[in-house]
Every structure is written in C-alpha cells, then in structure tokens.
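Read through the structure below, which is laid out as structure tokens, and then see the notes.
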Amino acid sequence: MTAHTPLGGITIREATLDDAEIIYQQRLAMFDDVWGPLDPEGVAAMEATFIPWVRRGLADGSYRGWLACDGDGCAVAGGGLIVHEWMASPGNPDSRRAYIANIYTRPDCRSRGIARRIMNAILDWCRSEGLKGVALHASPYGRPLYESLGFEPTNEMRLNFE
Amino acid sequence: MVENGITIRQATVADIPDLVRLRRMMFESMGFDDPAKLDAGDAAAADYFSRAISSGEFLGWLAVTPAGEVVSTSGLVIDQHPPGPGNLSGKTGYIMNVVTHPAYRRRGLARRLVQAALAWLGERGIQRAELHATDMGRSLYEELGFAAHTGMRLEMRK
Numbered sequence: 240m241t242a243h244t245p246l247g248g249i250t251i252r253e254a255t256l257d258d259a260e261i262i263y264q265q266r267l268a269m270f271d272d273v274w275g276p277l278d279p280e281g282v283a284a285m286e287a288t289f290i291p292w293v294r295r296g297l298a299d300g301s302y303r304g305w306l307a308c309d310g311d312g313c314a315v316a317g318g319g320l321i322v323h324e325w326m327a328s329p330g331n332p333d334s335r336r337a338y339i340a341n342i343y344t345r346p347d348c349r350s351r352g353i354a355r356r357i358m359n360a361i362l363d364w365c366r367s368e369g370l371k372g373v374a375l376h377a378s379p380y381g382r383p384l385y386e387s388l389g390f391e392p393t394n395e396m397r398l399n400f401e
Numbered sequence: 007m008v009e010n011g012i013t014i015r016q017a018t019v020a021d022i023p024d025l026v027r028l029r030r031m032m033f034e035s036m037g038f039d040d041p042a043k044l045d046a047g048d049a050a051a052a053d054y055f056s057r058a059i060s061s062g063e064f065l066g067w068l069a070v071t072p073a074g075e076v077v078s079t080s081g082l083v084i085d086q087h088p089p090g091p092g093n094l095s096g097k098t099g100y101i102m103n104v105v106t107h108p109a110y111r112r113r114g115l116a117r118r119l120v121q122a123a124l125a126w127l128g129e130r131g132i133q134r135a136e137l138h139a140t141d142m143g144r145s146l147y148e149e150l151g152f153a154a155h156t157g158m159r160l161e162m163r164k
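Protein chains in written order, with this note's numbering: chain R, 240 to 401; chain F, 7 to 164.
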C-alpha cells in the first residue's frame with residue numbers, strides 16, 4: 240500500500256475492504272451533489288447492490304479505491320478505478336480499459352487541491368501499470384479539474400432505457 | 007430475421023474472420039492507414055474474439071446476404087460500472103464494432119444490427135447503453151435515442 244506525503248495534514252492512501260462503507264457514503268454524497276436529493280427507495284436499493292459490489296471489487300482487485308484522510312484518519316475525499324478487460328485496436332494495442340469513478344470531496348474540504356491529489360494518485364497507478372489511457376464521466380463541478388489534468392471530451396453517447 | 011433479402015443473426019466463433027475483416031474496414035474508414043498497425047489490430051482482435059465469443063463476454067450480430075456474404079456487423083459487451091441510483095445493477099451495454107460495407111450502406115442494416123443489440127439488453131433488464139460515435143454514425147444513434155454524454159478521456163504520454 241502506498242501513502243502519499245501529507246500536505247496540509249491530508250494523507251492519500253489506497254482503500255481496503257474495510258473502507259467499503261466509506262466509499263458508499265462518498266458515492267451517495269456525490270450523487271446528491273450532482274443530482275439533488277435522492278429518492279430514499281433508490282438509496283436503499285443502491286446500498287443493497289453497491290456495498291457487496293465494491294467489497295467484491297476491492298477483494299479481487301477489479302475495483303481500486305483511494306482515500307484522502309485528515310489527521311484523525313477521517314476520509315474527506317476519495318476516488319476509484321475500474322479496469323476492464325478489453326479489445327486491442329490499431330490505435331491502442333493494450334487489452335485493458337480503465338475508468339475512473341466516485342471522485343468526491345467533502346464540501347468543507349473543497350478548493351484545497353485534494354481531488355487533484357486523488358486524481359494524481361490514480362493516474363500514477365495507471366502509468367505504473369502501463370495503461371495507455373483512462374476515461375471518466377465528468378460532472379459540471381469536476382470538469383475543470385479533469386481538463387486541467389489533460390482530459391478531453393470524447394464522442395461518447397448514452398441511451399437510458401425507460 | 008430476413009428483410010430485403012438480408013438476414014440478421016448472432017455471430018459465432020465461425021464468424022471471426024468476417025468480424026475481423028469488417029472491424030478493419032471500420033478503422034480504415036476512420037482514417038487509420040498504417041498497414042502494420044492494422045495487421046497487428048487484426049491479429050489482436052481475432053485473439054480477443056476467439057476468447058470472448060466463446061465465454062459470452064462479446065456478443066456480435068451480422069447482416070448476411072443471400073450469397074452468405076457478411077456485409078455489416080455490430081458488437082456488444084457488458085461493462086460493470088458501480089451501481090448507482092440511476093442504474094442499480096451498474097451493468098452498461100457498450101456497443102461497438104458497428105460497420106457496414108460501403109456498397110451496402112443507406113439500407114438500414116446498421117440500424118437493424120444496433121436494434122438487435124438493444125433488444126438483447128432490453129430482454130435482460132439492462133438499463134443503459136453507451137457507445138462512441140463517428141460522424142457517420144451519429145445521426146443513426148440520435149434517432150435511436152442516444153444523446154451526447156459527459157465522457158472524457160486522457161491519453162497517457164510516455
């Protein structure tokens with residue numbers, strides 16, 4: 240496990256199985272920020288599916304999480320990475336595709352560069368693994384950070400079934 | 007399903023040479039023209055298809071002429087994203103490999119092939135589909151209900 244140098248009393252560390260609940264709470268808060276108050280039924284259903292899912296992923300390595308913790312060890316920000324097995328193409332001979340999710344900072348800790356440190360920890364890991372690229376879906380709040388890190392919009396489209 | 011003489015059916019491992027041939031055609035139409043890279047892409051795709059069609063991880067559909075020629079394809083993989091309030095299973099159908107031989111365009115083949123992939127998702131209760139659109143494909147996807155989304159990507163530099 241790698242711990243990045245504390246800066247402003249904040250340490251970045253990789254998440255473990257014990258952090259599943261924290262990751263869930265951060266994800267919930269992220270949706271609440273982006274979409275507004277969530278339907279309680281939807282929240283209950285998401286808790287039932289997300290926590291087992293993320294525990295499984297943390298255990299088998301298909302989900303990796305990073306947390307920013309204050310001096311008391313309390314997580315104030317976080318982010319995650321999913322690596323899919325994928326198909327090589329002429330532009331990318333790698334058979335893996337990486338996707339960043341769950342980038343979140345507690346409101347009272349924003350504008351201190353903590354999400355940027357989380358992102359850099361994730362990107363360092365991607366580089367050390369030799370991944371050729373990484374994708375994400377940006378909220379309006381996150382977009383400026385991602386742009387400053389070099390992310391560019393893609394030609395992606397989405398369809399949600401009724 | 008036969009319509010205008012063209013049959014739509016699901017791809018099997020026996021169809022890998024045709025899937026690879028049309029996938030290369032797709033990259034060529036996107037402007038890839040380095041034969042060495044295209045050849046390497048063909049070999050990697052053949053390897054991937056033989057593994058992923060057998061395991062059910064990749065699903066392909068083909069449009070086949072009465073003479074048995076494959077002239078258009080579509081592909082689908084199921085990505086596992088984190089479950090969220092808008093998509094409780096977290097499962098997202100990623101549609102790719104949509105390509106039609108130039109002589110068979112403007113006949114609705116890609117539409118039928120993408121609809122086959124969407125029907126497969128619908129039958130399994132998967133709530134979401136995503137893709138990356140070329141300029142040529144965009145209007146078809148918009149007609150099927152797709153809208154531009156918030157995806158961003160970073161290409162790593164050495």
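Just so it is clear, CB atoms sit at the ideal spot from N, CA and C, and this is done for glycine as well. Since the model is a prediction, treat every value here as computed from it, not as a measurement.
- For the C-beta of E395(R), the chain F residues within less than 9 angstroms are, from N- to C-terminus, E136, L137, H138, A139, A154, H155, T156, G157, M158, R159.
- Contact of G128(F) with chain R is assigned, a C-beta pair being separated by under 8 angstroms.
- Burial of V293(R) is indicated by the presence of at least 16 other C-beta atoms within 10 angstroms of its C-beta.
- Listed by position along chain F, the residues whose Cβ is nearer than 8 angstroms to that of S334(R) are A50, Y54.
- Of A283(R), A316(R), L320(R), E286(R), the smallest CA-CA separation from D299(R) is found for L320(R).
- Cβ neighbours of M36(F) within its own chain (closer than 7 angstroms, five residues either side excluded): T140.
- Using a Cβ distance threshold of 8 angstroms, S80(F) and I101(F) count as a contacting pair.
- For P276(R), not one C-beta of chain F is nearer than 8 angstroms to its own C-beta.
- Listed in chain order, the positions of the segment 340-370 of chain R with a beta carbon within less than 9 angstroms of a beta carbon of chain F are A340, N341, L362, C365, R366, G369, L370.
- Its Cα nearest to that of R295(R), the residue P88(F) stands out among P72(F), D45(F), P88(F).
- A straight line joining the alpha-carbon of E280(R) with that of E260(R) spans about 18 angstroms.
- Ranking P383(R), L277(R), W305(R), N331(R) by CA distance to the CA of I361(R) puts W305(R) first.
- Under the Cβ criterion of 8 angstroms, G304(R) is not counted among the residues facing chain F.
- For E386(R), the uninterrupted alpha helix (DSSP H) segment begins and ends at 382-387.
- S328(R) counts as buried, since at least 16 other C-beta atoms from the protein chains shown sit within 10 angstroms of its C-beta.
- Neighbours of G47(F) in chain R, taken as residues at a C-beta separation under 7 angstroms, are given in chain order as A327, S328, P329.
- Put simply, the segment 392-399 of chain R does not touch the segment 13-27 of chain F. Fewer than three CB pairs are less than 8 angstroms apart.
- Listed along chain R, no residue sits closer than 8 angstroms to M142(F) by beta-carbon distance, the nearest being about 11 angstroms off.
- The three-state secondary structure of I342(R), taken from DSSP, is strand.
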